[in-house]
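Step one of this worksheet: look at the structure below.
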Amino acid sequence: MVIHMLGVHSDFAGKGLARKMVRFAVEEAKSRGMKAIRLDVLEGNLPAERLYVSEGFVYVDTLQLFYEDTGRTNFNL
């Protein structure tokens, strides 16, 4: 499974919604028999990185990806 650029609108930030979405994705992956989740986070997004680490994710590598809305940007995997 891949979680790519999970985001919460600023009006709802700080209410635990991102954590709930990550936990839902993990449970959904488990229920489908998946053994790994690739999670991409914009390099330098420290609040998101802290959340993912607290939910058991580990840093593997940094990859430069291109998207129209971000251009060429480094993502931590």
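The numbers in the working numbering rise by one with no breaks, and the one at position 27 of the sequence shown is 466. Ideal placement from N, C-alpha and C gives every residue a C-beta, glycine not left out.
Neighbour-count burial assignment, residue i, 16 or more Cβ in a 10 Å radius
{"i": "residue 515", "result": "buried"}
{"i": "residue 505", "result": "exposed"}
{"i": "residue 451", "result": "exposed"}
{"i": "residue 487", "result": "buried"}
Where the alpha helix (DSSP H) containing residue i begins and where it ends
{"i": "residue 461", "result": "456–470"}
{"i": "residue 526", "result": "There is simply no residue 526 to check, as the chain begins at 440 and stops at 516 in what is shown."}
Contacts around residue i, its chain only, beta-carbon distance under 8 angstroms, and the 5 residues preceding and following it disregarded
{"i": "residue 509", "result": "481"}
C-beta contact flag for residue i and residue j at 8 angstroms
{"i": "residue 448", "j": "residue 479", "result": "no"}
{"i": "residue 462", "j": "residue 490", "result": "no"}
{"i": "residue 441", "j": "residue 471", "result": "no"}
Same chain, Cβ closer than 7 angstroms to residue i, five either side skipped, listed in chain order
{"i": "residue 513", "result": "482, 501 and 503"}
{"i": "residue 460", "result": "445"}
{"i": "residue 498", "result": "515"}
Contacts around residue i, its chain only, beta-carbon distance under 6 angstroms, and the 5 residues preceding and following it disregarded
{"i": "residue 454", "result": "none"}
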